[in-house]
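Student: Sequential numbering of the sequence shown, starting at 1, is according to this note's numbering.
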Amino acid sequence: MGNPPCNQALNNLCEAVLKERSQRASGGFEVLCSLHSEKFKLFCLEDKEPICLVKLKTSLNPLKDKLRLFKGVKLTCDNTAKHIKIQAQDTEGQIKGQFKKLYLFLREEEAARIDAVRMEESELQGHSDKVNGLPPFSLFSVVLNPNPQQH
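#1: Tell me the DSSP secondary structure of residue 55 in three-state form.
#2: Counting along the chain, where does the beta strand (DSSP E) carrying residue 40 start and finish?
#3: So who's on the other strand from residue 155, going by DSSP bridges?
#4: Decide yes or no for the touch test of the segment 41-56 against the segment 68-87: beta carbon pairs closer than 8 Å, at least 3 of them.
#5: Can you tell me the Cα-Cα spacing of residue 17 and residue 78, whole angstroms?
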(Lines of atoms letter the chains of each structure in order from A; the text may use other names.)
(Lines give C-alpha, C1' and ligand atoms only; values in the text may rest on other atoms or scores of the structure.)
Protein backbone atom coordinates (compact mmCIF):
# COMPACT_ATOMS: atom_id res chain seq x y z
CA MET A 1 0.00 0.00 0.00
CA GLY A 2 1.17 3.51 0.04
CA ASN A 3 1.86 6.15 2.60
CA PRO A 4 -0.98 7.12 4.95
CA PRO A 5 -2.70 10.48 4.24
CA CYS A 6 -0.76 13.51 5.44
CA ASN A 7 -2.14 15.59 8.32
CA GLN A 8 -1.53 19.17 7.15
CA ALA A 9 -1.90 20.75 10.59
CA LEU A 10 0.62 18.33 12.09
CA ASN A 11 2.93 18.92 9.13
CA ASN A 12 2.79 22.73 9.64
CA LEU A 13 3.49 22.35 13.34
CA CYS A 14 6.49 20.11 12.66
CA GLU A 15 7.88 22.59 10.14
CA ALA A 16 7.50 25.44 12.63
CA VAL A 17 9.33 23.45 15.33
CA LEU A 18 12.11 22.51 12.92
CA LYS A 19 12.42 26.12 11.79
CA GLU A 20 12.67 27.33 15.37
CA ARG A 21 15.33 24.71 16.19
CA SER A 22 17.41 25.64 13.19
CA GLN A 23 17.26 29.32 14.14
CA ARG A 24 18.34 28.56 17.70
CA ALA A 25 21.17 26.38 16.46
CA SER A 26 22.43 29.07 14.12
CA GLY A 27 22.32 31.68 16.88
CA GLY A 28 19.90 33.89 14.97
CA PHE A 29 16.92 33.12 17.14
CA GLU A 30 14.00 35.45 16.42
CA VAL A 31 10.70 35.49 18.22
CA LEU A 32 7.81 34.68 15.92
CA CYS A 33 4.15 35.53 16.20
CA SER A 34 2.38 32.57 17.79
CA LEU A 35 -0.73 33.10 15.62
CA HIS A 36 0.85 33.73 12.23
CA SER A 37 4.44 32.36 12.54
CA GLU A 38 5.70 35.68 11.20
CA LYS A 39 8.59 37.80 12.42
CA PHE A 40 7.61 40.74 14.57
CA LYS A 41 8.21 43.89 12.53
CA LEU A 42 6.33 46.46 14.62
CA PHE A 43 5.75 47.35 18.25
CA CYS A 44 2.38 48.60 19.48
CA LEU A 45 2.93 51.45 21.92
CA GLU A 46 -0.64 51.32 23.18
CA ASP A 47 -0.67 47.57 23.95
CA LYS A 48 3.11 47.48 24.60
CA GLU A 49 3.65 44.30 22.60
CA PRO A 50 5.29 43.36 19.32
CA ILE A 51 3.02 42.66 16.35
CA CYS A 52 3.54 41.08 12.97
CA LEU A 53 2.40 42.57 9.66
CA VAL A 54 -0.33 39.95 9.26
CA LYS A 55 -1.87 41.00 12.59
CA LEU A 56 -1.64 44.65 11.55
CA LYS A 57 -3.42 43.97 8.27
CA THR A 58 -6.02 41.85 10.03
CA SER A 59 -6.62 44.63 12.57
CA LEU A 60 -7.00 47.20 9.81
CA ASN A 61 -9.65 45.26 7.88
CA PRO A 62 -12.62 46.29 10.10
CA LEU A 63 -11.42 49.88 9.98
CA LYS A 64 -11.14 49.75 6.20
CA ASP A 65 -14.67 48.35 6.01
CA LYS A 66 -15.98 51.15 8.23
CA LEU A 67 -14.12 53.74 6.16
CA ARG A 68 -15.62 52.32 2.96
CA LEU A 69 -19.08 52.44 4.53
CA PHE A 70 -18.50 55.99 5.77
CA LYS A 71 -17.40 57.13 2.30
CA GLY A 72 -20.54 55.60 0.79
CA VAL A 73 -22.79 57.36 3.31
CA LYS A 74 -20.90 60.63 2.83
CA LEU A 75 -21.31 60.38 -0.94
CA THR A 76 -25.04 59.78 -0.50
CA CYS A 77 -25.31 62.79 1.83
CA ASP A 78 -23.32 64.99 -0.56
CA ASN A 79 -25.52 63.97 -3.48
CA THR A 80 -28.65 64.62 -1.42
CA ALA A 81 -27.35 68.06 -0.43
CA LYS A 82 -26.65 68.91 -4.09
CA HIS A 83 -30.13 67.73 -5.07
CA ILE A 84 -31.75 69.83 -2.33
CA LYS A 85 -29.74 72.88 -3.41
CA ILE A 86 -30.83 72.44 -7.04
CA GLN A 87 -34.46 72.00 -5.95
CA ALA A 88 -34.26 75.16 -3.83
CA GLN A 89 -32.85 77.14 -6.78
CA ASP A 90 -35.57 75.80 -9.09
CA THR A 91 -38.28 76.64 -6.56
CA GLU A 92 -36.86 80.14 -6.09
CA GLY A 93 -36.91 80.66 -9.87
CA GLN A 94 -40.53 79.47 -10.07
CA ILE A 95 -41.57 81.79 -7.24
CA LYS A 96 -39.85 84.77 -8.89
CA GLY A 97 -41.50 83.92 -12.22
CA GLN A 98 -44.95 83.73 -10.61
CA PHE A 99 -44.43 87.07 -8.88
CA LYS A 100 -43.31 88.69 -12.16
CA LYS A 101 -46.54 87.47 -13.77
CA LEU A 102 -48.53 88.77 -10.80
CA TYR A 103 -46.82 92.19 -10.95
CA LEU A 104 -47.51 92.41 -14.69
CA PHE A 105 -51.16 91.47 -14.15
CA LEU A 106 -51.52 94.06 -11.37
CA ARG A 107 -49.91 96.82 -13.49
CA GLU A 108 -52.21 95.99 -16.42
CA GLU A 109 -55.24 95.87 -14.11
CA GLU A 110 -54.25 99.20 -12.55
CA ALA A 111 -53.88 100.81 -15.98
CA ALA A 112 -57.25 99.40 -17.13
CA ARG A 113 -59.06 100.70 -14.05
CA ILE A 114 -57.41 104.11 -14.29
CA ASP A 115 -58.47 104.27 -17.97
CA ALA A 116 -62.04 103.28 -16.98
CA VAL A 117 -62.17 105.99 -14.30
CA ARG A 118 -60.85 108.60 -16.76
CA MET A 119 -63.41 107.56 -19.38
CA GLU A 120 -66.21 107.80 -16.83
CA GLU A 121 -64.87 111.17 -15.71
CA SER A 122 -64.80 112.30 -19.35
CA GLU A 123 -68.40 111.13 -19.89
CA LEU A 124 -69.54 112.90 -16.73
CA GLN A 125 -67.70 116.01 -17.83
CA GLY A 126 -69.49 115.76 -21.20
CA HIS A 127 -72.88 115.48 -19.47
CA SER A 128 -71.96 118.34 -17.19
CA ASP A 129 -70.99 120.45 -20.19
CA LYS A 130 -74.34 119.63 -21.86
CA VAL A 131 -76.24 120.56 -18.72
CA ASN A 132 -74.23 123.74 -18.31
CA GLY A 133 -74.78 124.52 -22.01
CA LEU A 134 -78.58 124.48 -21.70
CA PRO A 135 -80.32 127.82 -21.36
CA PRO A 136 -81.29 128.48 -17.78
CA PHE A 137 -84.97 128.91 -18.64
CA SER A 138 -85.43 125.52 -20.22
CA LEU A 139 -84.36 123.89 -17.02
CA PHE A 140 -86.65 126.13 -15.08
CA SER A 141 -89.61 125.44 -17.30
CA VAL A 142 -89.17 121.71 -17.02
CA VAL A 143 -89.20 122.02 -13.28
CA LEU A 144 -92.26 124.31 -13.24
CA ASN A 145 -94.27 122.22 -15.58
CA PRO A 146 -94.03 118.65 -14.37
CA ASN A 147 -96.95 117.56 -16.63
CA PRO A 148 -96.16 118.71 -20.16
CA GLN A 149 -99.22 116.96 -21.72
CA GLN A 150 -101.74 119.23 -20.00
CA HIS A 151 -101.14 122.34 -22.25
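Don't be surprised by glycine CBs; every beta carbon is placed ideally from N, CA and C.
Here the structure is a predicted model, which is why all the values come from computation and not from measurement.
Tutor: According to the structure shown:
#1: It is helical.
#2: Where residue 40 is concerned, there is no enclosing beta strand (DSSP E), given that its DSSP letter is neither H nor E.
#3: Residue coverage of the chain in this structure runs from 1 to 151, which leaves residue 155 outside it and unanswerable.
#4: Touching, no.
#5: CA-to-CA, the gap between residue 17 and residue 78 works out to about 55 Å.
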